[in-house]
Amino acid sequence: MDPHLLTNQVWSSLSQFFSQLGPSVWLQVVTTLLAAIIALGGAVIAANAAYRNVNKSRFEQAEAERQRNRTSERDRVVGILHALREEILQLWMIVAEDLGGPIENLDLKRKPLPYWSYNQSYFSVFDRNAGTIGLIENDQLRSSLVRTYMFAKRLVDQYQGYNRMDVRASTNSTQPATGASADTTYALHAGALTLIESYNALKNNIDQLRNLLDAELGLKKTLLPYIDSPDPKQPGANRVQARESRA
25 MDPHLLTNQV WSSLSQFFSQ LGPSVWLQVV TTLLAAIIAL GGAVIAANAA YRNVNKSRFE
85 QAEAERQRNR TSERDRVVGI LHALREEILQ LWMIVAEDLG GPIENLDLKR KPLPYWSYNQ
145 SYFSVFDRNA GTIGLIENDQ LRSSLVRTYM FAKRLVDQYQ GYNRMDVRAS TNSTQPATGA
205 SADTTYALHA GALTLIESYN ALKNNIDQLR NLLDAELGLK KTLLPYIDSP DPKQPGANRV
265 QARESRA
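Mind the numbering: the sequence shown is residues 25 to 271 in the working numbering, read in order.
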């Protein structure tokens with residue numbers, strides 16, 4: 025069969041069918057179509073509104089979760105700062121008790137500095153939380169914290185070397201044939217002057233760090249020996265003797 029002829033026959037049949045429909049039927053058809061269009065539009069609008077509400081709810085939940093994480097992170101950093109503050113203050117208490125007197129009142133004409141015995145890590149809190157230091161938002165506090173611990177570790181390392189020289193000098197001095205050599209004595213004096221510089225650098229940095237931590241944490245200032253000493257003769261006395269020894 026010719027497709028063109030078939031199309032004409034179908035169109036003729038449909039035309040006859042629609043021509044037999046009355047106005048009321050056409051009105052009902054149009055009304056039904058409009059109702060369907062309105063219903064479809066309402067469904068689309070409702071779906072969009074529901075989608076936006078779901079996205080808004082998800083965004084609010086994600087934002088609340090991020091806020092909780094930020095709060096938890098800040099609380100963790102604050103807790104670590106409290107622990108670091110306690111560690112650095114106790115470290116200075118130990119250094120001041122063991123070395124403060126001999127270093128602050130050093131007399132190079134006598135035995136320069138005593139043997140300092142230590143058998144534990146004084147930086148356990150810092151070492152365990154080194155990765156958290158970068159989370160501290162206060163740039164000055166973060167830099168001061170790292171710098172102070174570097175000076176503290178340098179003082180400990182230098183004193184280890186000084187102890188070894190002191191042991192060798194003590195061993196040689198008990199042997200009448202040799203005695204302590206001039207080189208060993210000079211090395212002890214030079215080592216003592218180096219320790220004085222490291223001690224003073226650590227003292228100044230602990231003073232600055234203590235003040236920064238107190239301001240950051242809202243704490244009352246803790247007085248420290250040889251840093252907040254009421255005796256004006258103690259601070260800086262070793263610097264004068266060190267300069268005189270070099271001269």
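All C-beta atoms in this analysis are idealised placements derived from N, C-alpha and C, irrespective of residue type, glycine included.
Coil, strand or helix - residue 202 by DSSP: The predicted position of residue 202 is uncertain, since its pLDDT is 46 and thus under 50; no value can be drawn from it.
According to DSSP, is residue 110 helix, strand or coil? helix
Since residue 141 is in the alpha helix (DSSP H), which residue starts that stretch and which ends it? It is not in any alpha helix (DSSP H) - residue 141 carries neither H nor E in the DSSP assignment.
Using 10 angstroms around the beta-carbon of residue 72, count the other beta-carbons present and answer buried if the total reaches 16, otherwise exposed. exposed
Collapsed DSSP secondary structure at residue 242 in the structure displayed: coil
By DSSP, does residue 163 sit in helix, in strand, or in coil? helix
Boundaries (first-last residue) of the alpha helix (DSSP H) holding residue 125: 125 to 128
State yes or no: is the C-beta of residue 165 within less than 8 Å of the C-beta of residue 236? yes
Looking only at its own chain, which residues have a Cβ that is under 7 Å from the Cβ of residue 112, when we skip the five neighbours before and after it? 172, 230, 233
Which of the three DSSP states, helix, strand or coil, is assigned to residue 227? helix
Which class does residue 99 belong to by DSSP, given the choice of helix, strand or coil? helix
In angstroms, rounded to a whole number, what distance separates the CA positions of residue 269 and residue 122? At residue 269 the pLDDT is 40, less than 50, meaning the model places this residue with poor confidence and gives no usable figure here.
Residues in its own chain within less than 7 Å of residue 104 by CB, not counting five upstream and five downstream? 153, 156
Distance between residue 114 and residue 245 (C-alpha atoms, nearest Å): 14 Å
Alpha-carbon to alpha-carbon, residue 65 and residue 81: 24 Å
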